[in-house]
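Accompanying notes for the structure given below.
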Amino acid sequence: MSQCTHALVRCMDFRLESAIEEYLENNGIVNNCDIISVAGATKDLIEDPEGFVATQIDISKRLHLIDTLIIMHHMDCGGYGGHSAFAGIEAEHAFQIEQMEKSKVILEGKYNGLKVVMALAEIDENNIVTIAEIE
Ligand SMILES: [Zn+2]
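Residue numbers (my numbering): 57 to 191.
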């Protein structure tokens, strides 16, 4: 069975595509990363820790023996109602980080030794996407 080191849970949003390709390149994990693409990224995992996204991660872990999982949320995410669902950019930013932190707690509780990396993608008015890892 072949293996890879990483898996990425990302939103399906098309605007993220090029930036994610670049992110994978910059991290040296092109063709070494399972990609789980679903609206809202880990929203489903938080709502149902044994649901669809959890199952995808589980398969990645068991089948490809990943050691690192990247959770990537983004601003203006349709899965969360977009910018307009929030009082402002700062509230939205804080909320998305909080969502990723909740996911991280769920995943670390489930998988002993799995490294969980959080990354937030910002999208400017020209649809230019910037991805930054959250410490
Ligand atoms: Zn989204």
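Even glycine gets a Cβ: it sits at the ideal position worked out from N, Cα and C.
Cβ shell of residue i (< 6 Å), same chain only, five flanking positions each side left out
{"i": "T186", "result": "E178"}
{"i": "F108", "result": "D100"}
{"i": "Y79", "result": "I187"}
{"i": "M174", "result": "I127, M156, I190"}
{"i": "S116", "result": "A63, D90, I122"}
Distance cut-off 8 Å: residue i Cβ against heavy atoms of ligand 1
{"i": "G169", "result": "no"}
{"i": "Y136", "result": "yes"}
{"i": "H139", "result": "no"}
{"i": "G107", "result": "no"}
{"i": "M68", "result": "yes"}
{"i": "A188", "result": "no"}
{"i": "C89", "result": "no"}
{"i": "H149", "result": "no"}
{"i": "A175", "result": "no"}
{"i": "A75", "result": "no"}
{"i": "H130", "result": "yes"}
{"i": "G96", "result": "yes"}
Assigned secondary structure, residue i (DSSP; H/G/I helix, E/B strand, else coil)
{"i": "D90", "result": "strand"}
{"i": "I162", "result": "helix"}
{"i": "E106", "result": "coil"}
{"i": "A95", "result": "coil"}
{"i": "L119", "result": "helix"}
Residues near residue i by beta carbon distance below 7 Å, same chain, minus five either side
{"i": "L72", "result": "R66, H130, A177, V185"}
{"i": "N183", "result": "R71"}
Boundaries (first-last residue) of the alpha helix (DSSP H) holding residue i
{"i": "L80", "result": "73 to 82"}
Neighbourhood of residue i by C-beta distance below 8 Å, restricted to the same chain and skipping five residues each side
{"i": "T61", "result": "I85, N88, C89, I122, D123, T124"}
{"i": "E164", "result": "L170, V172"}
Bridge partners - residue i, DSSP secondary structure assignment
{"i": "M203", "result": "Past the edges of the chain, shown from 57 to 191, lies residue 203, and the structure says nothing about it."}
{"i": "I184", "result": "In the DSSP output, where bridge partners are listed per residue, I184 has none listed."}
{"i": "M68", "result": "M68 is not bridged to any residue."}
{"i": "I145", "result": "Looking at the DSSP assignment, I145 forms no beta bridge with any residue, so it has no partner."}
Residue i - containing beta strand (DSSP E), residue span
{"i": "T124", "result": "124 to 130"}
{"i": "E178", "result": "171 to 179"}
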